[in-house]
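Single-structure report; data block below.
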Amino acid sequence: MADPPGAVGRPLPRSGARRLAFGRGTYTDDLRFPGLLHLAFVRSPHAHARIVKINPGPALAAVPGARVFTGADIARVCTPWQGLMDNLPTMVSPPQHAVAVDRAVWQGEPVAAVVAASRAEAEDAAAGVVVEWEPLPAAAVRDRTLDEDAAPVHPELGSNLSYAAAIRAGDAEAALAGAAHVVEGDFSFARHTGVPLEPRAVIADYDPGEGRLTVHGGHQAPWHQQDTLSRHLGIPEHLVRVVTPDIGGGFGIKLHIYGEEIAVSAVSKLLGRPVKYVADRLESFVSDVQARDQRVSARLGVGEDGGIRGLSVDALSSLGAYGSYGRPPINEGMMTITMAGGPYANEHYEGRLRVAFQNKPPSGMYRAVGQPIACAVTEQLLDRAAHAAGIDPVDMRRRNYWTDEACPVRTPGGIGIGRLSLRACLDRLAAMMDYGALRAEQAALRGRGIHRGIGVATFLEMTSIGPERYGPAGARISTQDGATVRLEPSGAVRCVTSVIEIGQGTHSALAQIVADRLGVAPQDVAVVGGDTSLTPHGGGAWASRGLTIGGEAVWRAAQGLRENILELAGSILQADPADLDLAGGAVSDRATGEARIALAEIGRIGHFRHDTLPPGVQPELAVTRHYVPDAVPFALANGVQGSWLEVDPETGEVRLLEHWVVEDCGRIVNPLLVEEQIRGGVVQGIGGALFEECRHDEEGQMLNATFADYLVPMAAEMPDIHVGHVETPLEGTALGTKGAGEAGTVGAPAAVLLAVNDALRPLGAQVDSLPITPESILHALAAGA
Amino acid sequence: MKAPRFSYVRPESLERVLELLAEHGDEARILAGGQSLMPTLNMRLSEPRLLIDINRIDALKGISLEDGTVRVGALARHAELLDSPLVAEHLPLIAAAMPHVAHVAVRNRGTFGGSIALADPAAELPACAVALDAAFVLASLRGRRTVPARSFFHGLYETELAEDELLVEARIPALAAGYRSSFLEFARRHGDFALAGICCHARIDGAVLSDVRLACFGSEDRPRFAGAASAAAEGRAWSGEVKEAVKAALGGDLDPIGNFHASAATRLHLARVLAGRALDRMAAAG
Ligand SMILES: Cc1cc2nc3c(=O)[nH]c(=O)nc-3n(C[C@H](O)[C@H](O)[C@H](O)COP(=O)(O)OP(=O)(O)OC[C@H]3O[C@@H](n4cnc5c(N)ncnc54)[C@H](O)[C@@H]3O)c2cc1C
């Protein structure tokens, strides 16, 4: 029998996981196309070089039938793009071709596309393409890219500065000068990247008969892809269709427009054949967007009472060789200077940002964009200030949070805060950690030469960003989502959504929302999506927006269908729809709860027995709704994380012992899904804190572009992660959800950094660079001794 | 990441393997567990014409005890070594090292012989073999010879193996009365190649150490027998003073190669810390 209403909030196992466990996942690489050709790229071995000549001769001799397309060949059917935004008139970024034409500006940039009957043959042929290079000096050391004598990444721009911004509120300098304690830090956040299990993959099929392009691929924003393909390949938008099959993770990596994917479509258009490209791991490391990569010097002043007096943050952020196309490319740095200090009451703030080009892969949005940096800087300085003022760090936070009375408030960084639950989260976290006992244990162990540290970090997570930010930027990216919910003749329900499922389980939560509205069991709801030609238009999977925006659209569509069903039932039952309800898979009497007619019956009559209905009744058993997030510019989630770890001062090893998160993502539709997101996010945040780093030499060669050397966090090193919830529903929406996808990643690096420094403090050492390595700890200890 | 074209053959006899090696020399590669070879092919770091799959050769399999010597066949999988009661009892150093070798999936296929023949400088087994004074049996159509572990490893991925030779087995002295072993390594993540590692094997009489054999890995281009550090402990009762002497002497044994994972100085420092701790443990055990 069907479940009662109230499916929202229940910890139901996610539906899609079972299918994947049965081996029935279908990823892009699993798809079969007759006549498929395979494409491999010839990539630049230099971080910066002029392409003198490309000789495909030996390639064609080695693999008869292979075809080689240079950047110029591709450019004949594909126009270049520029990573600029209408509302950032001072930002510069030059045009980028899908495949480099005259100059390659990072090691790994594609310079030719090679097509053959198999991937192995395409690689054989690619190895035979002879490129004559004129190497040019490269700008590849972040902190020197803006020096006078730095090599220019794009000589025509005259400088490596892409963008500069400053935020001022009050008088930070004067406030710092007058503060009782001023603490500082010179932080460095390494360049890293997201590493989804499934690499980027695309199959483009241009049908010359109809002039129609169909692209299958794991993309987080297929409508953005569709728009780009249409405009840059000159194919009318209604003839471009982007299908997303199963996607093995994204983390932002699959959000962007890449030369490779567009070039594959261009080649398909040139050949009139389906063409496939799957990035391998080695090329993912030099072509997926990279992120973080900032140097931040910051100072915080507090009074004797520990109250914040002023904060100053100066960030140098690296873009790589180009700004990402169609999305604000400077966001990593902007998030740093707008979110720094966010949770804490303060009037005097100064944030300065410079964004610089480097001869490295383009930067883009990776889970949590800039917020982990803002969080780590703020929280570390607050810990230092607490120490200077002799105040317990947890107490320090409690004293400084924005009070409920102060909200709503606009922070000096410019973030509108409606309602937060920081104190509740902190109290809950302290209880979960048994904070007092932990401090006592720490002190006792120190006496025995065991160095443990506690880090407690507050985070804000900006989620579900609305039109206020993307509209004025001129981004051709929609911030709304849409859904169609329809009753099938059997009484089962289908939901067609624009939400993109990338492994996070959102579709399963959407089924719960539909079930909740229609009084059916979640397993009686099928959710489908991932085809731009069939589903309503939407934004895609980014900014933790799936449930808050796409879920709200589904809620509204299901609510509309509910009303239509009750109306139809009213005319069948000769009852007033207002007296009817939906529950247990049937239309019931609102007053008595008694079932009057099964949904299956409504479905049957509504589809097949129109002859039995009164004249003029038009059953509408499918309803489409779109939701533009208009209640707030973004949904601000918040929470607190705690880390407990041990540092071995002889080896520099950090052993993570335990991790806690208390988060508030508004109304929870499915706690299991939220906890998966939080835990996964924490693990990725720990990756940034202790392991992950794209290392380049001074010539811009990536040194660790394999999984043997690029260290992702692995299960053996991870602590148990305990998750607690505080629920403050978002106002102005029916569902009340906020995003939860990035919270773990925002706060975990800070919690770990603080805990390491808490352990090191008695030894006179501190580390300010992420990732923290055994070597960096040993160096800090040597310097502090 | 697709391998270039190659031919593949899976002989049924050792004799045939040796014939193929003699015929093809450097153009051929032995395929054992494939855990190191296949990635190098797929990354096109090596382009052999012929792969000779030895997985059908029974003579290369198994672990057995014969007259105080443990024979480990080249095809013994890492997982077999890890689970073997014989290894646990007679080669406790290797038993302690095995959990640090890669991960379950890799251990299920990776072989003892592959690890020795590959001679990765950060691998555990080559260093264990050096500390335990193992000997390797090499075969070719020209005949068989036995090479002591200490002279087998020549440099980065370079060994005493000639182009036409196959590593057949190792002969490792079983733990003798009064001897103990201790193993420690330091890696960024569990299962990674080590930034520093130490194998210790010695006789302990009361607290007095003799026949001390320390071997380091993850420091230089090959496993290094730490002669000076071993000598610093030889014949002495284990103490804080001897520990400092061993650590100091290690500076004479090791000239580590730094890279972005850790500098030479850090690797030497870590090797010293590990050596001290490993000997502490050995002295404390039993
Ligand atoms: C993710 C990962 C992590 C790893 N971590 C570790 C680790 O922590 N420690 C560690 O020690 N190893 C590690 N390894 C390597 C693993 O142990 C390999 O299996 C081993 O080094 C090689 O063994 P194999 O049987 O797979 O050899 P193969 O890959 O088949 O061969 C390796 C080389 O040895 C040659 N060869 C193999 N057998 C013979 C023989 N009998 N005679 C002559 N030549 C031969 C081959 O021709 C080839 O050149 C790791 C591997 C992976 C993939």
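First to last, the sequence lines map onto chains G and S. Residues 11 to 795, numbered by the numbering used here, are exactly what the first sequence covers, in order. Residues 90 to 375, numbered by the numbering used here, are exactly what the second sequence covers, in order. Think of the CB as a built atom: it goes at the ideal place given N, C-alpha and C, for glycine as much as any other residue. Predicted model, so just to flag it, every value in this text is computed and none were measured.
Item                                                                                                                                                                          : Value
Given 7 Å as the limit, tell me if Asp-281(S) has its C-beta closer than that to any heavy atom belonging to ligand 1.                                                        : yes
Since I believe His-636(G) is in contact with Ser-653(G) (beta carbons under 8 Å), could you give me their beta-carbon distance rounded to a whole number of angstroms?       : About 41 Å separates the two Cβ atoms, so there is no contact after all.
Under a three-way DSSP split, which group does Gly-217(S) fall into?                                                                                                          : Note on residue identity: the sequence assigns Cys, not Gly, to residue 217(S). Helix at Cys-217(S).
Beta carbons nearer than 7 Å to chain G: which residues of the stretch 323-355 of chain S have them?                                                                          : Phe-349, Ala-351, Ser-352 and Thr-355
Indicate the three-state DSSP secondary structure (helix, strand or coil) for Cys-385(G) in the structure shown.                                                              : helix
For the candidate residues Gly-259(G), Tyr-268(G) and Asp-217(G), whose alpha-carbon lies nearest to that of Leu-249(G)?                                                      : Asp-217(G)
Restricting to runs no shorter than 3 residues, where is the beta strand (DSSP E) found entirely within the stretch 721-784 of chain G?                                       : 730-735
May I ask you to report which of helix, strand or coil DSSP gives Trp-565(G)?                                                                                                 : helix
Touching or not, the stretch 303-319 of chain G and the stretch 264-278 of chain G, by the rule of three or more beta carbon pairs under 8 Å?                                 : no
Which class does Leu-230(S) belong to by DSSP, given the choice of helix, strand or coil?                                                                                     : coil
Any idea if Glu-144(G) is buried or exposed, counting beta-carbon neighbours within 10 angstroms, 16 or more meaning buried?                                                  : exposed
How about Lys-91(S) and Arg-53(G): do their beta carbons lie closer than 8 Å?                                                                                                 : no
Along the chain, where does the beta strand (DSSP E) containing His-191(G) start, and where does it finish?                                                                   : 191-202
Excluding the five sequence neighbours on either side, which residues of its own chain have a C-beta within less than 7 Å of the C-beta of Arg-572(G), listed in chain order? : Arg-527, Leu-528 and Leu-592
Which residue marks the beginning of the beta strand (DSSP E) containing Val-503(G), and which one marks its end?                                                             : 503-507
Less than 8 Å between CB atoms is the rule here; does Asp-290(G) satisfy it with respect to chain B?                                                                          : Included in the structure are the protein chains G and S, with no chain B among them.
Pick out whichever of Ala-792(G), His-620(G), Thr-468(G) and Glu-660(G) has its Cα sitting closest to the Cα of Ala-384(G).                                                   : Thr-468(G)
Report the partner residues of Ala-632(G) according to the DSSP bridge assignment.                                                                                            : Arg-496(G)
Would you report the Cα separation of Ala-160(G) and Arg-705(G), rounded to the nearest angstrom?                                                                             : 19 Å
Assuming Thr-203(G) and Tyr-37(G) are in contact, meaning their beta carbons sit under 8 Å apart, how far apart are those beta carbons, in whole angstroms?                   : At roughly 20 Å, the Cβ-Cβ gap does not stay under 8 Å, so Thr-203(G) and Tyr-37(G) are not in contact.
Can you have a look at Glu-293(G) and say buried or exposed, based on whether 16 or more other CB atoms are within 10 angstroms of its CB?                                    : buried
Mark Ala-266(S) as exposed unless 16 or more other C-beta atoms lie within 10 angstroms of its C-beta, in which case mark it buried.                                          : exposed
Rounding to the nearest angstrom, what Cα-Cα distance links Pro-14(G) and Cys-505(G) in this structure?                                                                       : Low per-residue confidence applies at Pro-14(G): pLDDT is 44, beneath 50, and the placement is therefore not dependable enough to give any value.
In terms of residue numbering, what span does the alpha helix (DSSP H) encompassing Thr-516(G) cover?                                                                         : 516-528
Taking the straight line between their C-alpha atoms, what separation do you get for Leu-67(S) and Pro-137(S)?                                                                : Examination of residue 67(S) is not possible in this model, given that chain S is present from 90 through 375 alone.
Which runs of the alpha helix (DSSP H) at least 4 residues long sit entirely within the stretch 285-350 of chain G? Give them in chain order.                                 : 291-297 and 341-349
Less than 8 Å separating the beta-carbons of Leu-46(G) and Pro-255(G)?                                                                                                        : no
Ordered along the chain, which non-local residues of its own chain (more than five positions away) have a Cβ less than 6 Å from that of Gly-35(G)?                            : Asp-256
Beta-carbon within less than 6 Å of Glu-360(G)'s beta-carbon, same chain only, minus the 5 sequence neighbours each way: which residues are those?                            : Arg-178, Ala-182 and Ser-322
For chain G, check one thing: does any of its Cβ atoms lie closer than 8 Å to the Cβ of Leu-359(S)?                                                                           : yes
Between the Cα of Leu-94(G) and those of Thr-473(G), Arg-86(G), Gln-106(G) and Glu-663(G), spot the shortest distance and give me the residue it belongs to.                  : Gln-106(G)
Here's a check: name, in chain order, each residue in its chain whose Cβ is nearer than 6 Å to the Cβ of Ile-731(G), leaving out the five neighbours to either side.          : His-669, Arg-689 and Val-692
Looking only at its chain, what residues have a beta carbon closer than 7 Å to the beta carbon of Glu-727(G), apart from the 5 residues adjacent to it on each side?          : Leu-666
Should Gly-75(G) be labelled buried (16 or more other beta-carbon atoms within 10 Å of its own) or exposed?                                                                   : exposed
Comparing the C-beta of Leu-666(G) with each C-beta of chain S, is any distance below 8 Å?                                                                                    : no
Could you check what DSSP says for Glu-604(G) in three-state terms: helix, strand or coil?                                                                                    : coil
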